[in-house]
Each structure stands twice: as C-alpha cells, then as structure tokens.
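Student: Count along the sequence shown from 1, add 15, and you get the number used in the working numbering.
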Amino acid sequence: MNNLRIIFGLLIGLAAMMARADLSESVFVPKEEMEFAKGYLNEVRERNYEYVFSHIDPELSSQVSEEKLDEIAAYFPSGQLLSTVLIGSQVHTYNEVWQGNFTFEYQFESGWAVANAALQRKADKMTVIGFNVYRTKASQKELNKFELAGKSALHYLVLLAACVVPVFIIVSLFYCIKTPIHKRKWLWVLFVLGGIGTISINWSTGAFGFKIAEYQLLGAGVVASGEYAPWILSVGFPLGAIVFWFKRKSFIEQDKASKLSQQNASNADTSA
16 MNNLRIIFGL LIGLAAMMAR ADLSESVFVP KEEMEFAKGY LNEVRERNYE
66 YVFSHIDPEL SSQVSEEKLD EIAAYFPSGQ LLSTVLIGSQ VHTYNEVWQG
116 NFTFEYQFES GWAVANAALQ RKADKMTVIG FNVYRTKASQ KELNKFELAG
166 KSALHYLVLL AACVVPVFII VSLFYCIKTP IHKRKWLWVL FVLGGIGTIS
216 INWSTGAFGF KIAEYQLLGA GVVASGEYAP WILSVGFPLG AIVFWFKRKS
266 FIEQDKASKL SQQNASNADT SA
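#1: Helix, strand or coil: how does DSSP classify residue 90 here?
#2: List the whole-angstrom C-beta distance separating residue 221 from residue 167, where the pair is believed to meet the contact cut-off of C-beta under 8 Å.
#3: How is residue 243 classed by DSSP in three states: helix, strand or coil?
#4: Going straight from the alpha carbon of residue 242 to that of residue 126, what length do you get?
#5: Got a sec, what are the start and stop residues for the beta strand (DSSP E) residue 164 sits in?
#6: With C-beta atoms as the reference, is residue 59 less than 8 Å away from residue 84?
#7: Do residue 249 and residue 235 count as a contact pair if the criterion is CB distance below 8 Å?
#8: Tell me which same chain residues have a C-beta within less than 6 Å of the C-beta of residue 113, skipping the five on either side of it?
#9: For residue 124, which option in 95, 108, 105 has the closest C-alpha, if you only look at C-alpha atoms?
#10: Is it a yes or a no for the stretch 70–86 touching the stretch 151–158, going by three-plus beta-carbon pairs under 8 Å?
#11: Given this structure, state the Cα-to-Cα distance separating residue 139 from residue 145, to the nearest angstrom.
#12: Rounded to the nearest angstrom, what separates residue 75 and residue 68 at their Cα positions?
#13: Keeping to the same chain, check which residues put their C-beta closer than 6 Å to that of residue 111; ignore five residues upstream and five downstream.
#14: What residues in its chain sit with their C-beta under 6 Å from that of residue 105, if we drop five residues either side in the sequence?
#15: Can residue 70 and residue 90 be called in contact, C-beta distance under 8 Å?
#16: Suppose the cutoff is 6 Å on Cβ atoms and the five residues either side in sequence are ignored; what does the same chain contact list for residue 93 look like?
#17: Go through its chain and collect everything with a Cβ distance to residue 297's Cβ below 6 Å, but skip five positions before and after it.
#18: When you compare the CB positions of residue 188 and residue 173, do they come within less than 8 Å of one another, or not?
#19: In the DSSP assignment, the beta strand (DSSP E) including residue 136 goes from what residue to what residue?
#20: What residue range is occupied by the uninterrupted alpha helix (DSSP H) comprising residue 62?
#21: Could you have a look at residue 271 and say whether DSSP puts it in helix, strand or coil?
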C-alpha cells in the first residue's frame, strides 16, 4: 500500500500542477457572463426578487414563485460572506443560441454553499434558464481531495489496476517492438499501447461507469477538471498486451522458420 501511495501521489501531484488556482482568471471563461451569473445569484441571496424575476427566461418564470425563491435563498448560510469562488464553467452554442452554466462556491462565517446559474442568450438578450443552491459540509477542495482512508474495495481495485495496467502495457510494448513481427507491426504496437473499454470511478462519491467502445492510452487515466473537482480514475482492459503475449511465441517461431527458409534457399542457389 505504501508503494501505491508513492506512485499515485506522483500522478496526483503532476495533475495538480496543471489545475488552475483561480478558474475565473482562465481565458476560456467569458467574464461578462460569469459576472452576470455571480451577480444574479447574489440578488437571489439578498432576496431582491424584482431583479430576479426580471431576468428569468419566460419559459421558467411560470415555475418560480416568491415562496420557491425563499426556499432557495434559505440554502445560503447566514452570517457574513467571506469569499465567492468560481469552481465550474461550461458554455456552448447550438443553433445560434448561446448557453452557459456557472458554478460558485461560497464561504460564510457559518458554513459553505455551492450555487449555479444557467444562462441563455438569444437574439442578444440574456436570460436565466435555471439556478440552484445547496449547502456543503466543507469546501469542495477539501471534500474532493485525494485520500486513501475510508474507501470501498472498488476504489482500491480500480486504483491498483490504474497502477499495474500501464506498467504491464509499457513492458509489453517494449517486447512488442523488439519481437520480429513481419506483417503490420505498427498495428500490433497500437493494439498493445492501449486498453479496450474503461471502468471509471469518481474518487469522492464512489460513482462508477463502464464504457465498452473506448480506447484508453496506456490503459489508465486520472483527471480532475480543477482543484475543486473530484478525481476521476479510469482503467481499461489490456487486451492488446495480453493477446500479444499469447502470440509472441508464434511470431518468434515464424521468424525462425522464415530465416531458415531463406538460408536453405541461399544454400540451394550456392550449390547450383
């Protein structure tokens, strides 16, 4: 287990270096829309319902009442607001309609909350098409940090596979390159290089998924969309590497037979 801690600690550290300390400073986050979403959620928190209703999309307005807004606003903890941090941003455009979803983490004197607002721009008019708030026990950074303690058997199984499979594939790739394969060797290299299908697990929640039609380079991966996001581990089945080891002996025998045939042919020509 100590070796696993060291190996995976290096992987986590490398990925963490790539995470942005402040997502709001990213060039990929539209600043104007992000500030609008942040301001809108603040008006919900302040119970400025005149402003809130004035920016709700017509398709949503019939589903929102002051009672519902009171219920949503109550999820913000009481006391002084200490900080607001953007922890998620997704935007896309479809049929000339822009949509964006912005998620913020709030720290208050009395606790933490996460809120998001979904926006839509159609014909240069910005409207809110959804929003919600929920309380959390701590910062998402704390809740989603990588820890080994208290995890399920599935967590440890995926973690072990994520460490072992890439090593197995790299060793197999080394021998694949050195093995005399006469037909389409480059296809065998690609086959050995990846895993087929993936099992993934959300390290924070334990939620897992399975995909059959997927090629995983080196058979494993670990990713987090930011320092506030959960780690997602994925591992594929090293089918190519396994098949290679079953075929390696025949490849070597075929190469020996080919060389012997060439040698016999050469000897026959010399005798003639």
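Using N, Cα and C, we set each Cβ at its ideal position, and we do this for glycine too.
Tutor: Once the coordinates are examined:
#1: Secondary structure at residue 90: coil, using DSSP grouped into helix, strand and coil.
#2: Right, the Cβ-Cβ distance comes to about 6 Å (below 8 Å), so this counts as a contact.
#3: Residue state, collapsed to three classes: coil.
#4: Each residue's alpha carbon lies about 20 Å from the other.
#5: In the DSSP annotation of this structure, residue 164 is not part of any beta strand (DSSP E), being labelled neither H nor E.
#6: Contact: yes.
#7: It is a contact, given that the beta carbons lie within the stated cut-off.
#8: Cβ neighbours of residue 113 beyond the five flanking positions: 136.
#9: The alpha carbon of residue 124 has as its nearest neighbour, out of 95, 108, 105, the alpha carbon of 95.
#10: No, they do not touch.
#11: Spanning the two alpha carbons is a distance of roughly 18 Å.
#12: Between residue 75 and residue 68, the alpha-carbon positions lie close to 10 Å from each other.
#13: Residues of the same chain with their beta carbon placed closer than 6 Å to that of residue 111 are lacking, with the five preceding and five following residues left out of the count.
#14: Once the five neighbours on either side are set aside, the close Cβ partners of residue 105 are 116.
#15: No. Outside cutoff.
#16: Excluding sequence positions up to five before and after residue 93, its CB lies within less than 6 Å of the CB of 125, all in the same chain and listed in chain order.
#17: The structure shown does not extend to residue 297, since the chain is modelled only from 16 to 287, so the question has no answer here.
#18: Residue 188 is not a Cβ neighbour of residue 173, given a cutoff of 8 Å.
#19: In the DSSP annotation of this structure, the continuous segment of the beta strand (DSSP E) that includes residue 136 starts and ends at 126–137.
#20: Membership of residue 62 in any alpha helix (DSSP H) is not indicated, and neither H nor E is assigned to it by DSSP.
#21: When DSSP states are grouped into helix, strand and coil, residue 271 belongs to the helix group.
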